[in-house]
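Heads up, the thing below is written out as structure tokens.
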DNA sequence: TCCTGACTAGTCAGGATTGACTAGTCAGGA
DNA sequence: TCCTGACTAGTCAATCCTGACTAGTCAGGA
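Protein chains in written order, with the working numbering: chain A, 409 to 586; chain B, 409 to 586.
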């Protein structure tokens with residue numbers, strides 16, 4: 409859903425060919441999505457079949473022809489609908505990494521501390537890189553702020569976790585399955 | 409990857425049949441994963457083909473026979489490997505909902521505030537439900553704590569966002585594409 | 001006695017996703 | 001002149017994932 413919204417929203421700003429779309433997504437929206445090139449083309453095809461977008465063949469000099477995708481009025485309707493749904497809806501994120509944590513007993517404490525420390529360092533590197541991200545214009549900056557807030561909260565959480573794991577307070581006893 | 413780790417970790421605690429596995433995941437690990445039944449069977453089959461798990465047919469009374477899956481020693485090796493990878497690795501979460509935010513200009517301010525308020529309310533409901541979650545034993549509780557910390561940070565973020573959107577400070581000007 | 005809801009076991013067709021690949025252009029440096 | 005790296009356009013096989021479905025058992029209440 410969000411992926412279609414993304415493509416529609418981009419095409420709504422202006423007609424675009426595939427390469428530009430994908431470049432923009434990977435360069436400026438990497439913190440929000442991980443849509444890959446084949447998926448983008450797949451979705452573009454599907455939306456064209458649905459009549460949400462159309463394309464015109466264009467060629468520049470000797471280059472191979474390229475398709476300029478543009479949104480249709482039906483696509484605009486769909487965009488409005490998806491936008492409203494997405495803005496008003498909330499679904500909690502899944503912290504899939506916590507699965508590993510749930511099985512982390514069975515590991516010697518020292519090794520667990522070592523592994524989690526490495527994770528903390530990786531997290532810290534991401535935090536710092538994100539802090540250094542140059543300001544983006546307009547609404548995109550919101551995504552970066554959001555990510556940064558989350559990362560900092562995550563770092564506090566990791567530090568707290570490490571502390572708890574290092575001291576006794578977590579190990580021992582039944583770890584909860586059945 | 410995490411999904412395989414999850415199944416291996418569960419079977420490592422004790423042999424189990426499909427229904428129990430799926431029930432446990434949906435009841436106790438919903439905050440970490442959204443693995444569905446057909447996916448679970450799919451992965452179970454695949455891992456059996458890989459030799460990571462095996463099963464024995466068992467029947468109780470008149471009931472249809474069922475497969476009790478158990479981990480093999482090869483599976484245990486794989487489990488250890490996945491566990492260490494997962495614990496030491498960090499990848500930032502993608503906030504896919506921010507895509508909608510990036511396109512939220514073009515919406516009348518009043519409507520945007522309304523939509524975001526609805527989202528905030530949905531989020532608040534999740535926060536409250538999570539606060540009321542009964543304590544789980546051992547490491548699983550960590551996942552709940554983690555989720556709650558994130559949800560509360562998310563709520564602060566939403567409130568701040570709403571405030572900014574309601575006052576002038578976000579709209580107007582070029583919103584950043586191209 | 002029959003019905004219902006919870007228990008148990010899966011399957012299947014179809015859609016979504018992507019790693020790896022092919023194919024060609026063009027500007028600029030060696 | 002030739003080579004290279006960035007630009008441009010996609011495709012394809014393979015894998016992953018899931019909504020919807022089928023099939024049967026069993027305890028307990030009406």
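Glycine is no exception: its CB is placed at the ideal position from the N, C-alpha and C atoms.
Taking residue 456(B) as reference, the option from 433(B), 474(B), 482(B) and 436(B) with the minimal CA-CA separation is 482(B). By the neighbour-count criterion, in which a residue is buried when 16 or more other Cβ atoms sit within 10 angstroms of its Cβ, residue 450(B) is exposed. With respect to the C-alpha of residue 438(B), the residue from 489(B), 460(B) and 414(B) having the closest C-alpha is 414(B).
Contact of residue 521(A) with chain B is not assigned, every C-beta pair being separated by 8 Å or more. The way I'd put it, the stretch 517-533 of chain A does touch the stretch 561-572 of chain A; three or more beta-carbon pairs between them come closer than 8 Å. Taking 8 Å as the cut-off, the beta carbon of residue 426(B) is found closer than this to the beta carbon of residue 448(B).
The beta carbon of residue 486(A) sits closer than 7 Å to the beta carbons of 416 and 460 from its chain, once the five residues preceding and following it are set aside; these are given in chain order. DSSP, reduced to helix, strand and coil, places residue 460(A) outside both helices and strands of the structure shown, so it counts as coil. Contact annotation: the stretch 513-525 of chain A does not touch the stretch 506-517 of chain B, with fewer than three C-beta pairs closer than 8 Å.
Secondary structure in the stretch 455-528 of chain B: the alpha helix (DSSP H) runs of 4 residues or longer, each lying completely within the stretch, are 481-496 and 506-510 in chain order. A distance of 8 Å or more separates the beta carbons of residue 494(B) and residue 412(B).
A Cβ-Cβ distance of about 5 Å is found for the pair residue 430(B) and residue 445(B), placing them in contact under the 8 Å criterion. Using a Cβ-Cβ cut-off of 8 Å, residue 502(A) is close to 439, 440, 441 and 442 of chain B, given in chain order.
Listed along chain B, the residues sitting closer than 7 Å to residue 555(A) by beta-carbon distance are 500 and 503.
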